[in-house]
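Heads up: the structure comes next, in structure tokens.
In our numbering, the protein residues as written are 285 to 536.
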């Protein structure tokens, strides 16, 4: 298992969520096939450390069933891969939903910015999205709402790269199923989901910094102060996000 982990990690950007998903999807089924519980836990801890994610993100989704009929190998593998991807990075659906709504209603970007400002938070930015295609798409969307020469949709149609055409169409198709009566709650729902995205991102950074501090301590601790300061910044952000969520809940 260790050899497979090392081989899969060679030349890969382990900070990329897609890479984390791909590696976990291939390694976790191997770990779950190990009969010894202690060995399974040890390898799972090693995988979590290598991917710089919480072990809880890897645990609980591929636990081997007890006294159940063994499924065909192909079927079992596909279930494990799907659940693993969702466990390592569950934000894909949230990002997709938020972008689909913003594509349908670009003016919501301004309204969300104002709400975030009320809570002392920064406006929506490319960094709120982890997937590269999502970042590119939101970047063009931001430019669309900041210019006043063309209608938002016309600007998007003219400036979105062809590589994003399929994604854009898929996102817009999702919005066709949205009930119009949902419109009144849309802004609040988007705000809550975007706050959750930021919280997930901040928590991930805190965990990653913890791993980096541990590694740095074994090498003399030259960067400990820098890591601690960065951890404090993300910790303060987490408090601000939690406070914003509390204020929203009180208004409901």
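Cβ coordinates follow ideal geometry from the N, Cα and C atoms, glycine included.
Treat the numbers as computed from the prediction; the structure is a model and nothing was measured.
{"query": "Please state the DSSP three-state secondary structure of residue 518.", "result": "helix"}
{"query": "Under DSSP, the alpha helix (DSSP H) around residue 459 begins and ends at which residues?", "result": "449 to 459"}
{"query": "Pick helix, strand or coil for residue 423, following the three-state DSSP scheme.", "result": "helix"}
{"query": "Determine the DSSP secondary structure at residue 415, reduced to helix, strand or coil.", "result": "coil"}
{"query": "Would you mind sorting residue 344 into buried or exposed? The rule is 16 or more other CB atoms within 10 Å of its CB.", "result": "At residue 344, the pLDDT of 46 sits below 50, so the modelled position is not reliable and the matter cannot be decided from this model."}
{"query": "Taking the alpha helix (DSSP H) that residue 406 belongs to, which residues open and close that run?", "result": "Here residue 406 belongs to no alpha helix (DSSP H), and DSSP marks it neither H nor E."}
{"query": "Give the range of the alpha helix (DSSP H) segment to which residue 303 is assigned.", "result": "301 to 316"}
{"query": "From residue 446 to residue 429, what distance separates their C-alpha atoms?", "result": "20 Å"}
{"query": "Any idea if residue 418 is buried or exposed, counting beta-carbon neighbours within 10 angstroms, 16 or more meaning buried?", "result": "buried"}
{"query": "Looking at residue 383 and residue 471, is the spacing between their C-beta atoms short of 8 Å?", "result": "no"}
{"query": "Are the segment 497 to 506 and the segment 407 to 426 in contact at 8 Å, needing three or more beta carbon pairs?", "result": "no"}
{"query": "Could you check which residue in 407, 490 and 505 has the C-alpha nearest to that of residue 475?", "result": "407"}
{"query": "If we count the other Cβ atoms within 10 Å of its Cβ and call it buried at 16 or more, is residue 349 buried or exposed?", "result": "Only weak support exists for where residue 349 lies, its pLDDT of 36 falling under 50; the coordinates are left without a value."}
{"query": "Give the secondary structure of residue 298 by DSSP, where H, G and I count as helix, E and B as strand, and everything else as coil.", "result": "coil"}
{"query": "Just how far apart, CA to CA, sit residue 309 and residue 323?", "result": "18 Å"}
{"query": "First and last residue of the alpha helix (DSSP H) that includes residue 376?", "result": "376 to 388"}
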